[in-house]
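Numbers 960 to 1097, taken from our numbering, label the letters of the sequence shown in order. Virtual Cβ for every residue (Gly too), placed ideally from N, Cα, C.
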Amino acid sequence: MAAAPNCNSTLTVSKIQDLDFGNYVGTTGGTITVDASGVRTATAGVILVGGGAPAAAVYTLSNTVNHCNNQWVDITLPGSATISGPASMTINNFSSSAPSNRIKIRNTPTVTVGADLITNNSQIPGTYNGNFSVDFSY
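As structure tokens, then:
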């Protein structure tokens, strides 16, 4: 079996779209899920309403050396993240569209990332924002 070539290429990751849970009304605490395909669902206590732009996060990957096009890229998702606004909420259960969180670099692949948003009882209405890191490595 032939060994894979050493890949010293720079891996370029471009974020195309942010993860967005859209708008909701909370009657009690619950969970909003936007899965890696962008489908939004909610548990009891959360009513999904129109507005906003619910979507999975979208990243494209590329490199600068052709012999790296068949290399596996490992994707490391965060365990959790916190978003802030008038109060705070937790995001967890991150998932990606890549099977086993691995993808081969060829033809500028796209990776999508979804997660769960945990809402609290009596969550204060408002706009919430935050950041999380997704690591891509050869």
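Note to self: Between the region 982-989 and the region 1046-1054, can you find at least three pairs of beta-carbon atoms closer than 8 angstroms?
What the structure shows: no
Margin query: What does the Cβ neighbour count give for G1010, buried or exposed, with the cut at 16 atoms within 10 Å?
Written below: exposed
Check: Between the C-alpha atoms of S1140 and T1086, what's the straight-line distance to the nearest angstrom?
Finding: There is simply no residue 1140 to check, as the chain begins at 960 and stops at 1097 in what is shown.
Checklist line | Close Cβ partners of N1029 (< 8 angstroms) along its chain, the five nearest in sequence each way excluded | finding: A963, K1063, I1064 and R1065
Next item on the list: Determine the contact status of R999 and V993, defining contact as a CB-CB distance below 7 angstroms.
Entry: yes
Check: Taking Cβ to Cβ, would you say A1040 is nearer than 7 angstroms to F1095?
Finding: no
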